[in-house]
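The structure appears right after this line, and notes come after that.
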Amino acid sequence: MRAAESRNLEYAVKASFLYKFGDYVRWPLASFPSDTTPVVLCVVGDDPFGRTLDDATNGEHIGMHPITVRRSPAVVTESGCNILFTRGSAAQSVANVLKAVAGQPVLTITETIDEGPRGIINFAIRDNRVRFEIDEQTATTHQLEISSKLLSLAVAVRRDMP
Amino acid sequence: MTDAPFRKSRYRTWAETLSERSRSALIAGVMAALMLVTAGLILALYDSQTYKAQKLREITVQVQILAASVSAPLVFDDPSATREYLNALQVNPEVDAAAVYDKAGVLVATLARDAKRATPEKAPDQQSVFADGFLTVVLPIMQDTRSLGTVYIRAVTEPLFRRLARYGGIFLLVTMASLVAAVLMAAHSALSRANTQLEARAAQLAESNRLLLVQIKEREKAEDALRQAQKMEAVGQLTGGIAHDFNNMLAVIVGNLSLLLRRAAQGETNLTRYAEGALEGASRGARLTQQLLAFSRQQPLAPVPLDPNHLVSSMSELLRRALGEHIRFETVIAGGIWTIYADKTQLETAVLNLAVNARDAMLEGGTLTLETTNARLTEADLEGAQGTSSGDYILISVTDNGSGMTPAVLAKAFDPFFTTKPVGQGTGLGLSQVYGFVKQSRGHIKIQSEVGRGTTVKLYLPRYAGAAKAERPERSVHNLPMGNAKEVLLVVEDDETVRRVAVDSLRDLGYTIYHASGALSALSVLEAHPEIVLLFTDIVMPDGNGRKLADDALTMRPNLKVLFTTGYARDAIIHNGVLDEGVELLPKPYSIEQVAQKIREILGPAKP
């Protein structure tokens with residue numbers, strides 16, 4: 003597979019994962035007043051997905067909730083996002099994005115490769131497959147509960163230390 | 035086919051040997067077992083249906099669990115995780131093959147026990163099917179309303195045979211249990227049968243015991259008869275000598291009385307000594323007859339305390355008569371002799387038998403010594419004789435200096451009917467009577483004999499702790515209990531002479547006497563004279579039995595007293611050797627003292 007095609011595939015998979023994660027995360031009740039309240043999926047900063055993300059989420063649901071995709075160069079604490087993917091940008095670095103929504107019931111997702119800042123879920127490529135790491139500790143501070151099913155699929159999990 | 039009937043009869047015999055109850059118990063047990071087996075089969079068949087449903091449920095659950103497990107791996111496209119969950123099914127031995135397919139129906143992971151029975155390449159459509167001993171369940175993996183993929187599991191179903199085998203074990207146990215119950219019942223009925231048999235046997239034994247007791251009684255009766263025969267034998271020995279002696283006594287009486295008459299005719303008044311001489315002879319004769327009668331009387335054994343010396347001296351007369359004049363008779367009596375406890379008659383008979391044997395051993399004459407002395411016997415002396423123990427004994431020994439006995443004769447001396455005397459001269463019962471008596475009295479007997487020198491027979495009788503019964507002293511003439519004229523008696527006696535003497539004697543005593551010669555006349559006299567208080571009658575009379583007379587008289591006069599007299603030892607009046615209660619008997623011959631005493635006794639103290 004050529005690099006471009008491979009990259010397309012990678013982000014197609016990642017795009018589907020973005021909303022699929024939603025089935026394995028529990029938000030606080032206040033996040034969704036009703037069953038039909040849409041799940042807001044934000045892409046903050048550079049958008050590597052493009053149409054792929056819209057195509058992937060089109061008609062999909064997380065549980066009963068429809069999915070709304072929002073793009074913005076930066077976020078504030080009151081982001082209104084339930085899921086947030088960021089690569090950072092000149093406007094706001096990944097670290098600042100994460101700082102902005104710290105403690106909020108937002109599922110932060112990053113694709114940091116090196117020692118940089120990571121969200122609750124961080125994509126990683128293993129054996130040519132899209133994998134992910136999960137920081138359960140941060141999820142807890144974000145008032146989020148991650149299903150063990152998802153945790154078991156993660157290649158690395160950062161847990162709460164007793 | 036000649037075997038078949040034989041075999042069948044064997045089984046039939048076996049079946050017949052079982053009792054009715056145990057057979058029916060066995061049949062009941064077998065029936066129960068059969069019923070249980072049938073019920074089991076029905077259950078198994080029913081179970082077969084429920085089994086299928088249950089199996090389906092089980093496998094479906096497994097599929098659902100697997101589906102739930104692999105849903106996330108499928109969503110996030112993690113085939114290794116999918117495979118991991120699939121492999122977990124390996125531990126279930128029922129799972130023959132399993133597979134997971136993605137939502138396109140493409141195989142993601144597979145598991146198969148046997149490569150020949152691999153999973154389908156594409157997800158099949160069927161939901162579930164039982165085929166060829168396998169149950170196949172296929173279910174979609176749903177998330178909300180979306181299908182993520184398909185799960186396939188093929189499981190082994192337990193063949194009916196295996197299941198029956200499983201149940202079969204249980205049925206076997208139940209059958210065994212019911213058979214055991216049947217056997218127990220059979221055993222129980224066999225036991226109760228044996229019990230009944232035992233009871234019957236016990237009843238038989240009780241019956242045998244009873245018969246044995248009866249036989250023992252009969253034997254005792256026979257022994258009594260033997261004793262009597264022995265007594266008669268002894269008596270028989272005497273008759274010869276006795277008859278001779280009686281003649282002598284009669285001669286004394288007749289002589290004295292004729293002298294008396296002569297002297298009286300001559301005018302002599304002092305005739306006392308002739309009368310006394312006659313009386314003396316008569317009383318000696320009377321004593322002898324008494325002893326004879328005592329012997330021949332059938333009496334039951336009545337041991338009493340006896341003084342051996344007294345016995346010996348009272349027997350002296352008799353023995354002297356038995357021995358005859360050509361044999362010298364000596365007695366050696368020890369002072370302070372102890373008392374023995376024995377039947378008087380038996381002891382007298384024993385001594386008599388020994389004396390007679392001694393006499394027959396001394397046909398040319400000789401000396402017989404009768405000795406009494408106290409003795410102490412040790413275990414050694416007793417020589418292990420049964421029924422004896424060491425201690426104090428009284429020895430009564432009879433010694434003669436006659437022909438003696440050889441050791442061979444000595445060995446058989448005590449055998450009944452063994453005799454060395456020629457036919458007609460002895461029955462051989464003598465020594466056996468002595469032996470029997472000694473053994474009965476728990477004593478010991480020993481014979482010492484030497485041919486040509488003589489024989490000593492020693493009787494050891496155990497010492498009795500009490501005292502011998504004192505005998506009543508005879509009253510003298512001057513102490514006669516008299517009667518008075520107010521006491522009226524009736525004397526009944528068929529013999530005129532005897533009657534004359536009786537009437538005279540009684541009148542002499544003071545009584546008023548009426549007399550009759552027979553029963554009939556006696557009754558009319560009784561009727562005519564209500565003042566009669568006592569009836570004195572002979573028993574055996576030609577015209578009427580004295581006993582019957584007494585009964586008739588008593589009917590007429592219930593308060594009448596009765597005194598019988600008789601010359602016979604045995605009579606209708608005496609039963610089993612014991613006088614009827616209330617019956618008074620004065621045996622003949624009696625002296626005036628005896629009749630006076632007896633009548634006084636019956637009438638009670640004289641009223642003034």
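Quick mapping for you: the protein sequence lines, in order, are chains A and B.
All residue numbers for the first sequence refer to the numbering used here, where the first residue is 3 and numbers rise by one.
All residue numbers for the second sequence refer to the numbering used here, where the first residue is 35 and numbers rise by one.
C-beta atoms are modelled at their ideal positions from N, C-alpha and C, and glycine is treated no differently.
Owing to the predicted nature of the structure, the values given are computational and were not obtained by experimental measurement.
Tell me the DSSP bridge mates of residue 427 of chain B? Here the question's residue 427 of chain B lines up with position 393 in the second sequence. DSSP, once it has assigned bridges, lists B/409 and B/496 as partnering residue 427 of chain B.
Tell me which same chain residues have a C-beta within less than 6 Å of the C-beta of residue 541 of chain B, skipping the five on either side of it? Indexing the second sequence from 1 puts residue 541 of chain B at position 507. Within the same chain, Cβ atoms closer than 6 Å to the Cβ of residue 541 of chain B are found at 547, the five residues on either side in sequence being excluded.
Indicate the three-state DSSP secondary structure (helix, strand or coil) for residue 147 of chain B in the structure shown. Position 113 of the second sequence, counted from the first residue, corresponds to residue 147 of chain B. Residue state, collapsed to three classes: coil.
Helix, strand or coil, according to DSSP, for residue 644 of chain B in the structure here? Outside the shown range of chain B, which is 35 to 642, sits residue 644 of chain B, and nothing can be said about it.
Taking the C-alpha atoms as reference points, what is the distance between residue 161 of chain A and residue 162 of chain B? By 1-based counting over the first sequence, the position of residue 161 of chain A is 159. By 1-based counting over the second sequence, the position of residue 162 of chain B is 128. Distance from the CA of residue 161 of chain A to the CA of residue 162 of chain B, rounded to the nearest whole angstrom, comes to 42 Å.
Once you ignore the five residues that flank residue 47 of chain A on each side, which residues in its own chain have a CB closer than 6 Å to its CB? Within the first sequence, residue 47 of chain A is the residue found at index 45, counting from 1. Sequence-distant Cβ neighbours of residue 47 of chain A in its own chain, meaning closer than 6 Å and more than five residues away, are 88, 89, 90 and 91.
Mind checking residue 25 of chain B: buried by the 16 CB within 10 Å criterion, or exposed? Residue 25 of chain B is absent from the structure shown; chain B starts at 35 and stops at 642.
Taking C-alpha atoms, which residue in B/201, B/63, B/368 and B/385 lies nearest to residue 376 of chain B? To locate residue 376 of chain B, count along the second sequence from 1; it is residue 342. Minimum Cα distance to residue 376 of chain B is reached at B/385.
Let me check you understand the geometry: is the CB of residue 587 of chain B closer than 6 Å to at least one non-hydrogen atom of the ligand COA? By its list of ligands, the structure shown contains no ligand whatsoever, and the ligand COA lies outside what it can speak to.
Between residue 525 of chain B and residue 566 of chain B, what straight-line distance do the alpha-carbon atoms span, to the nearest angstrom? Position 491 of the second sequence holds residue 525 of chain B. Position 532 of the second sequence holds residue 566 of chain B. Approximately 10 Å between the Cα atoms of the pair.
Using a Cβ-Cβ cut-off of less than 9 Å, list which residues of the region 142 to 162 of chain A approach chain B; keep chain order. So the list reads 149, 151, 152, 154 and 155, given in the order they occur along the chain.
Shorter than 7 Å from the beta carbon of residue 109 of chain B to some beta carbon of chain A? Within the second sequence, the letter at position 75 stands for residue 109 of chain B. Residue 109 of chain B has a beta carbon lying within less than 7 Å of a beta carbon in chain A.
Using a threshold of 7 Å, state whether the C-beta atoms of residue 643 of chain B and residue 539 of chain B are closer than that. The structure shown has nothing for residue 643 of chain B, since chain B only spans 35 to 642.
With distances taken from CA atoms, which of B/527, B/568 and B/80 is nearest residue 554 of chain B? For the purposes of this step, residue 554 of chain B is taken as the residue at position 520 of the second sequence. Checking every option, the nearest Cα to that of residue 554 of chain B belongs to B/527.
When you compare the CB positions of residue 413 of chain B and residue 424 of chain B, do they come within less than 7 Å of one another, or not? Taking the second sequence and counting its residues from 1, one reaches residue 413 of chain B at position 379. Taking the second sequence and counting its residues from 1, one reaches residue 424 of chain B at position 390. With a cutoff of 7 Å on beta-carbon distance, residue 413 of chain B and residue 424 of chain B are scored as near each other.
Residue 478 of chain B and residue 416 of chain B closer than 7 Å at C-beta: To locate residue 478 of chain B, count along the second sequence from 1; it is residue 444. To locate residue 416 of chain B, count along the second sequence from 1; it is residue 382. Yes; because the gap between Cβ atoms is below 7 Å, this pair is in contact.
Return helix, strand or coil for residue 48 of chain A, following the three-state DSSP convention. Residue mapping note: residue 48 of chain A aligns to position 46 of the first sequence, counting from 1. Residue 48 of chain A falls in the coil class under three-state DSSP.
So, helix, strand or coil for residue 139 of chain A, using DSSP? Residue numbering aside, residue 139 of chain A sits at position 137 when the first sequence is read from its first letter. In this structure, residue 139 of chain A counts as helix in the three-state DSSP scheme.
Nonlocal neighbours in the same chain, by C-beta distance under 7 Å from residue 233 of chain B, ignoring five residues either side: Within the second sequence, the letter at position 199 stands for residue 233 of chain B. By the criterion of a C-beta distance shorter than 7 Å, residue 233 of chain B is surrounded by no residue of its chain, once the five residues flanking it on both sides are discounted.
In chain order, what residues of the same chain have a beta carbon less than 6 Å from the beta carbon of residue 286 of chain B, not counting five sequence neighbours either side? On the second sequence, residue 286 of chain B is found 252 positions in, with the first residue counted as 1. Around residue 286 of chain B: 315.
Taking a contact to mean a Cβ-Cβ separation below 7 Å, would you say residue 429 of chain B touches residue 492 of chain B in this structure? Position 395 of the second sequence, counted from the start, is the residue given in the question as residue 429 of chain B. Position 458 of the second sequence, counted from the start, is the residue given in the question as residue 492 of chain B. Yes; because the gap between Cβ atoms is below 7 Å, this pair is in contact.
Chain-ordered chain A contacts of residue 178 of chain B [CB-CB under 9 Å]: Locating residue 178 of chain B in the second sequence gives position 144, counting from the first residue. Per Cβ cutoff of 9 Å: 25, 63, 65 and 66.
Judging by CA-CA distance, which residue of B/470, B/529 and B/220 is the nearest neighbour of residue 61 of chain B? Residue 61 of chain B sits at position 27 when you count from the first residue of the second sequence. It is B/220 whose Cα lies nearest to the Cα of residue 61 of chain B.
Given this structure, state the Cα-to-Cα distance separating residue 239 of chain B from residue 246 of chain B, to the nearest angstrom. Here residue 239 of chain B refers to the residue found at position 205 when the second sequence is read from its first residue. Here residue 246 of chain B refers to the residue found at position 212 when the second sequence is read from its first residue. Computed Cα separation, rounded: 10 Å.
Do the region 135 to 145 of chain B and the region 113 to 122 of chain B touch if we need at least three Cβ pairs shorter than 8 Å? Counting C-beta pairs with one atom in each stretch, the region 135 to 145 of chain B and the region 113 to 122 of chain B have three or more that are closer than 8 Å, which means they touch.
Quick one: Cα of residue 155 of chain B to Cα of residue 184 of chain B, how far? Start at 1 with the first residue of the second sequence, and residue 155 of chain B comes out as number 121. Start at 1 with the first residue of the second sequence, and residue 184 of chain B comes out as number 150. Their backbone Cα atoms lie some 12 Å apart in a straight line.
Which first and last residues belong to the alpha helix (DSSP H) in which residue 342 of chain B is found? Along the second sequence, one-based indexing puts residue 342 of chain B at 308. Note, residue 342 of chain B: alpha helix (DSSP H), 342 to 357.
Cβ closer than 8 Å: which chain B residues qualify as neighbours of residue 22 of chain A? Translated into positions along the first sequence, residue 22 of chain A becomes position 20. Close partners of residue 22 of chain A in chain B (Cβ separation under 8 Å): 109 and 110.
Going by Cα to Cα distance, which pick from A/104, A/128 and A/107 is closest to residue 113 of chain A? One-based indexing of the first sequence puts residue 113 of chain A at position 111. Cα-wise, what sits closest to residue 113 of chain A is A/128.
Proximal chain B residues relative to residue 19 of chain A, where beta-carbon distance stays under 8 Å: Indexing the first sequence from 1 puts residue 19 of chain A at position 17. Going along chain B in sequence order, the residues near residue 19 of chain A (Cβ under 8 Å) are 110.
Coil, strand or helix - residue 471 of chain B by DSSP: One-based indexing of the second sequence puts residue 471 of chain B at position 437. If DSSP states are grouped into helix, strand and coil, residue 471 of chain B belongs with the helices.
Name, please, each residue of chain A whose Cβ falls closer than 8 Å to the Cβ of residue 115 of chain B. The sequence position of residue 115 of chain B within the second sequence is 81, counting from 1. Within 8 Å of the CB of residue 115 of chain B, the CB atoms of chain A belong to 154 and 155, in sequence order along the chain.
Work out the CA separation of residue 347 of chain B and residue 490 of chain B for me, nearest whole Å. For the purposes of this step, residue 490 of chain B is taken as the residue at position 456 of the second sequence. For the purposes of this step, residue 347 of chain B is taken as the residue at position 313 of the second sequence. For residue 490 of chain B and residue 347 of chain B, the distance between alpha carbons rounds to 20 Å.
Exposure label - residue 265 of chain B; buried when at least 16 CB within 10 Å: Translated into positions along the second sequence, residue 265 of chain B becomes position 231. Buried.
Can you find the residues in the same chain that come closer than 6 Å, C-beta to C-beta, to residue 472 of chain B, ignoring five residues on each side of it along the sequence? Within the second sequence, the letter at position 438 stands for residue 472 of chain B. Closer than 6 Å at Cβ, skipping near neighbours: 479 and 493.
Would you report the Cα separation of residue 172 of chain B and residue 136 of chain B, rounded to the nearest angstrom? Taking the second sequence and counting its residues from 1, one reaches residue 172 of chain B at position 138. Taking the second sequence and counting its residues from 1, one reaches residue 136 of chain B at position 102. Rounded to whole angstroms, residue 172 of chain B to residue 136 of chain B spans 13 Å at the Cα level.
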